[in-house]
Structures are given as structure tokens and as C-alpha cells.
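So the structure is just underneath, and the comments pick up after that.
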Ligand SMILES: [Fe+2]
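Residue numbers (the numbering used here), protein chains in the order written: chain A, 2 to 261; chain B, 176 to 486.
Structure below.
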């Protein structure tokens, strides 16, 4: 398998953009040189990934323009090669990448907008999960309550930002009608992004609710999660937060001592 | 509309279907066009969460596929398994595929005679294999592994290519034939890819089709491609963004005569037109098949039965 493996590795180098003249010699040049033929693949692969990123990060593309987006995408593809045969997995690190990308310093909200788009994409490709059965939850004996852990729904993603990223996302939707101005000073958001049937819903959370759900997402017990909420907002009603979270399919299950 | 319950045994009827694309989900469910079946790209429906069968949920695309599945027979067509790669087979990808198969119970499962990754780096493209004995042995072993894991036969599709390797010693059509015979897989004959390669590499497309064993072909693909000029030369790219061209329809006629009533489908992936355009292409394929073969109404009947389940 050595020759085949070497052939594939050489092809990979060529597709990555390092013109490998020696490798190009292994390709027939009937009418078109081996290097040009490899270039067709290089171009096709780059376009494929750029379009995949563009499909997920549509708002980012709108905000920076098609050409600049292509430039950022090309650089991302080079530094963060795909590790999955499922192209829908591609782009997970794009938000972080935008944080350090030279030239985007004047748009500090971009990474969080990208996080929101990735959460939207992920929620779309996740199962909704079951509705949490409240009466079953109520049956957990008091003696076990300190081992109770709540679970977020598989299609729920939490996002905190110092920027009004939901407004930015909304005004950049194709079907948006209304005031297109976003005041960057209007403050941040704490969101749960959840799939609800055909729709992806955005729930704005209170600081206490966000703290509680964030603790849950970290795998903390119910008790610790409630404390997290009360630390942020001593007056918050954790029972109500839980109820809303269940209704909105943010919390979708629980376990006691690891038992579902 | 009650859509629960075990899926009935499904076979893909020997008539034309279309590729199922997200843009057409609502249209298909609402208008239920007269097509024989649909083909879904497996990876688009991998979002099943934990691989436990107790969890009956799925991603939003999966929920659509489940509903479509009750209206039409479904075939699952993979693009990312990287069958020809010299990396170990991606076990997670295989598991995801198996899980999807268990849930959808498709009539056919197919992948490509290509590779798409090496050193764990994926190109998400269908890259050409060299046609050597080593490459053939490798593909045979890999397809065996996939079929064993999935517990079923798969179909392997010939791909379009824009280059030939100097090391290749076996004509593509012989490679396809040998592969299907040695691995026990079926052939998904993409007539457009045959044409594209014949033009790109200067062989006779008819010879390709005539040398594939009759019984090995279980599905045919039809698609449109793009003619591009580079450095004064012409190359054909498998873009799936056009109507099927006349030359490919002619080859399809030849294929029908050789392979008989085999399910065919229209692939369209970029610059998607309205659903009607795809349905019209599928109808054209049906008309050609019917004009070439005297009796082949069984496909229609299968599809009628599919409809009645819902009514
Ligand atoms: Fe195809």
C-alpha cells in the first residue's frame, strides 16, 4: 500500500497549495499540464470549504463582504483542515479564528456573531430530544436530591456576549424588515439557542437563569447550579427558571448518580 | 398525518427518482410529485445525537427525511466515507451511517470509487484513485470491510476525474468491473461521469458502458456538467448544476438497452432549480426507459402503494 499512500500524500500536498512540481510529474499532461490538473482539484476543494463556511456563517459573510469572507475562509481552511467526512462538522473553530484574524480588530462583535451562527447550525443538525418529565423529576427522593443533575437538551446552545449579537443577526436576515441600525452600546445578551420543531428559537435569559443553565451545561449538580444562579441574583426564583427552561426545551433531562 | 410505526420493507423501483435537497423538502411533502424514489446524501442526516435507538429523535433534516421516507422509497448515497483512502476506515463515520441505515431502512446504500482524506485530513471531495493492482486490492478490502460493518451490499459509483495518473495500468471500466466482482458490491453507474471522463481522457464512452457486466448495475445516475476552458484546452467538470446534456441522454438510452429497467436518478446540487425542473428530467428518463423497454410498469405500482399508505 506504500505507493498508493505516497500518491495520496503527494496529492494532499498539492491540494493544500504547495505546488509540488515533482508530484505533478506523476500526473498525465494530455493537453493540460499535471500541475494545472491538480490545480482544478485544489480550486474545487477550496471552493467547497469556502461555500460550506459561507453557508453556516451567512451573517459574517454579509458583514465583511463576499471577497473579504473568501480571504478569511481561505486562511482558515489552511490552518484548520477538516477532520470529518461530514462537511457539516466543518467550521467549529471559525469564531475563535475571527478573534485573532488581523484586519478584523474594528469589528470586535464578529466572533460572537459567528458563535451564534454556529449554535444555530448545530441546533439545526441536532435532535430535539425529549421533553423533560416534570412529574418524574418530582419523584426523586429528597435523600438523593443532592446528586440530582439536570441535562441540557441536545439541540440547546448557550451564548453570552457583550454585544447585541441577536439584533445584529436579526437585521442581517434576508427577510428582515424594519430598522436596520444596531446600537452597539445597547448592551450584551445571554441567550439559549434551541431547536423547536422546524424553527430555531432564541430565548433571552436573565442573568440568574443564564448562570444556572451554564452551570448545568458544565455538568454541575442541580444544587450547585441553583447556587450559581443565586450568587448572580439573590432574588431570582430558581423554581421559575427551571420551569421556563423545561417549557422552552432548554433543559431536557436529568440524572441521579449518573442514572437517567 | 400519522407517520409513526415501523417502516415497511423498501425496494427502489426501476424508474427515475431525484436527489433530495433541503431546498425542496417542503415542496416535496406538499406536492408529492410523481417520481419513483428519492436519493439522500447520507451525511446530511447524520445529526442523530447519541447512537441509542431509544432516542427516536433526529436533526431537522432527519425529521424531513423520515417524513419523505413514508412517501417515497429512499436510497442513501454517501459522499464522505473516503473508501479509497489509505487511512484506516473512519469508524465513527461508519457508525453514523449504520445508525442512519437502521433508522431509515433505505432500499439502496451507495458510496464512491474515490478517496477524500489522508493523514486524518479531509478534502470533502471525490478524489480519483489510480487504477493499479495495488489500488484494486485496497478498494476490494475496504469495500469488504464496509459491507461487513453495515451487514449489506453497497453500490460503488464511478466518479468524474480531471486527471489520470501515470501509474495507472487498468482502464477505468475494467477496474470498476473487477472491483464489483471481487468485492461483491454492485455498480452505481453514473452515465454523466462516464461521458465526462471519456471526453476528459479521450476514451470511448460506449465502450465503457458495454464492458460493465449487465447484472452488476443496480442504479444509474444522470446529471449535468460544466464545460470549462483552461489554457486553451477544454475540460468538463462534474458540477451537477445543469440539465442533463443530449450526449448523456444518448448514453442513457444505450445503458437502458444494456442494463434493462434499473432505477435512475437526477442529481442536481448547485444552483438548484425549482422542483418541477428535476421532476421533468426524471420524467424524461422514464420516457426514454419506457420507449426502449416494452413493459416496465412495476415501478409505478410500487410508488402508488407508497402513496396509499399515507392517504
Ligand atoms: Fe453521481
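Note that beta-carbon positions come from the ideal geometry of N, C-alpha and C, so glycine has one too.
Alpha carbon of residue i to alpha carbon of residue j, nearest angstrom
{"i": "residue 290(B)", "j": "residue 263(B)", "result": "12 angstroms"}
{"i": "residue 9(A)", "j": "residue 261(B)", "result": "8 angstroms"}
{"i": "residue 212(B)", "j": "residue 250(B)", "result": "8 angstroms"}
{"i": "residue 404(B)", "j": "residue 221(B)", "result": "37 angstroms"}
{"i": "residue 215(A)", "j": "residue 215(B)", "result": "37 angstroms"}
{"i": "residue 465(B)", "j": "residue 154(A)", "result": "51 angstroms"}
{"i": "residue 60(A)", "j": "residue 196(B)", "result": "22 angstroms"}
{"i": "residue 239(A)", "j": "residue 248(A)", "result": "14 angstroms"}
{"i": "residue 272(B)", "j": "residue 237(B)", "result": "13 angstroms"}
{"i": "residue 276(B)", "j": "residue 40(A)", "result": "36 angstroms"}
{"i": "residue 443(B)", "j": "residue 431(B)", "result": "21 angstroms"}
{"i": "residue 120(B)", "j": "residue 21(A)", "result": "There is no way to answer for residue 120(B), as the model of chain B reaches only from 176 to 486."}
{"i": "residue 127(A)", "j": "residue 83(A)", "result": "20 angstroms"}
{"i": "residue 185(A)", "j": "residue 164(A)", "result": "6 angstroms"}
{"i": "residue 354(B)", "j": "residue 101(A)", "result": "48 angstroms"}
{"i": "residue 12(A)", "j": "residue 287(B)", "result": "18 angstroms"}
{"i": "residue 427(B)", "j": "residue 122(A)", "result": "39 angstroms"}
{"i": "residue 381(B)", "j": "residue 397(B)", "result": "15 angstroms"}
{"i": "residue 161(A)", "j": "residue 204(B)", "result": "37 angstroms"}
{"i": "residue 136(A)", "j": "residue 220(A)", "result": "22 angstroms"}
{"i": "residue 208(A)", "j": "residue 75(A)", "result": "38 angstroms"}
{"i": "residue 312(B)", "j": "residue 303(B)", "result": "16 angstroms"}
{"i": "residue 118(A)", "j": "residue 467(B)", "result": "50 angstroms"}
{"i": "residue 392(B)", "j": "residue 187(B)", "result": "13 angstroms"}
{"i": "residue 207(B)", "j": "residue 246(B)", "result": "8 angstroms"}
{"i": "residue 266(B)", "j": "residue 243(B)", "result": "28 angstroms"}
{"i": "residue 376(B)", "j": "residue 400(B)", "result": "16 angstroms"}
Beta-carbon separation (whole angstroms), residue i vs residue j, contact threshold 8 angstroms
{"i": "residue 416(B)", "j": "residue 446(B)", "result": "5 angstroms"}
{"i": "residue 64(A)", "j": "residue 111(A)", "result": "7 angstroms"}
{"i": "residue 310(B)", "j": "residue 86(A)", "result": "About 20 angstroms separates the two Cβ atoms, so there is no contact after all."}
{"i": "residue 252(A)", "j": "residue 133(A)", "result": "6 angstroms"}
{"i": "residue 196(A)", "j": "residue 156(A)", "result": "4 angstroms"}
{"i": "residue 338(B)", "j": "residue 38(A)", "result": "4 angstroms"}
{"i": "residue 441(B)", "j": "residue 457(B)", "result": "5 angstroms"}
{"i": "residue 367(B)", "j": "residue 419(B)", "result": "7 angstroms"}
{"i": "residue 257(A)", "j": "residue 174(A)", "result": "Contact flag wrong, Cβ pair sits at about 42 angstroms."}
{"i": "residue 98(A)", "j": "residue 81(A)", "result": "7 angstroms"}
{"i": "residue 285(B)", "j": "residue 320(B)", "result": "With a Cβ gap of about 16 angstroms, residue 285(B) and residue 320(B) do not count as contacting."}
{"i": "residue 58(A)", "j": "residue 149(A)", "result": "So it is not a contact: roughly 38 angstroms between Cβ atoms."}
{"i": "residue 361(B)", "j": "residue 328(B)", "result": "6 angstroms"}
{"i": "residue 305(B)", "j": "residue 342(B)", "result": "5 angstroms"}
{"i": "residue 26(A)", "j": "residue 35(A)", "result": "6 angstroms"}
{"i": "residue 183(A)", "j": "residue 172(A)", "result": "6 angstroms"}
{"i": "residue 16(A)", "j": "residue 298(B)", "result": "6 angstroms"}
Beta-bridge pairing of residue i - partner residues as DSSP gives them
{"i": "residue 362(B)", "result": "331(B) and 392(B)"}
{"i": "residue 157(A)", "result": "195(A)"}
{"i": "residue 220(A)", "result": "Looking at the DSSP assignment, residue 220(A) forms no beta bridge with any residue, so it has no partner."}
{"i": "residue 210(B)", "result": "Note: residue 210(B) sits in no beta bridge, so no partner."}
{"i": "residue 259(B)", "result": "According to DSSP, residue 259(B) bridges with nothing at all."}
{"i": "residue 411(B)", "result": "402(B)"}
{"i": "residue 185(B)", "result": "In the DSSP output, where bridge partners are listed per residue, residue 185(B) has none listed."}
{"i": "residue 308(A)", "result": "Residue 308(A) lies beyond the range of chain A shown here (2 to 261); nothing can be said about it."}
{"i": "residue 292(B)", "result": "297(B)"}
{"i": "residue 440(B)", "result": "192(B) and 396(B)"}
{"i": "residue 340(B)", "result": "28(A)"}
{"i": "residue 204(A)", "result": "193(A)"}
{"i": "residue 83(A)", "result": "297(B)"}
{"i": "residue 285(B)", "result": "252(B) and 330(B)"}
Sequence-distant residues of its chain with Cβ nearer than 6 angstroms to residue i (five each side left out)
{"i": "residue 88(A)", "result": "53"}
{"i": "residue 269(B)", "result": "324"}
{"i": "residue 78(A)", "result": "50"}
{"i": "residue 317(B)", "result": "258"}
{"i": "residue 151(A)", "result": "217, 223, 252 and 255"}
Cβ-based neighbour list, residue i, same chain, cut-off 7 angstroms, excluding 5 preceding and 5 following
{"i": "residue 202(B)", "result": "450"}
{"i": "residue 213(A)", "result": "226, 227, 229, 230, 239 and 242"}
{"i": "residue 422(B)", "result": "370"}
{"i": "residue 429(B)", "result": "381 and 384"}
{"i": "residue 374(B)", "result": "411"}
{"i": "residue 203(A)", "result": "167, 192 and 194"}
{"i": "residue 226(B)", "result": "Here residue 226(B) scores only 41 on pLDDT, less than 50, and its place in the model should not be relied on; the value that follows carries that caveat. 270 and 274, listed in sequence order."}
{"i": "residue 200(B)", "result": "239"}
{"i": "residue 350(B)", "result": "306 and 311"}
Close Cβ partners of residue i (< 8 angstroms) along its chain, the five nearest in sequence each way excluded
{"i": "residue 187(A)", "result": "165 and 168"}
{"i": "residue 218(A)", "result": "153 and 159"}
{"i": "residue 131(A)", "result": "253 and 254"}
So, do the region 164-182 of chain A and the region 130-146 of chain A have three or more beta carbon pairs nearer to each other than 8 angstroms? no
Taking contact to mean at least 3 C-beta pairs separated by less than 8 angstroms, is the region 339-359 of chain B in contact with the region 377-390 of chain B? Short answer: they touch.
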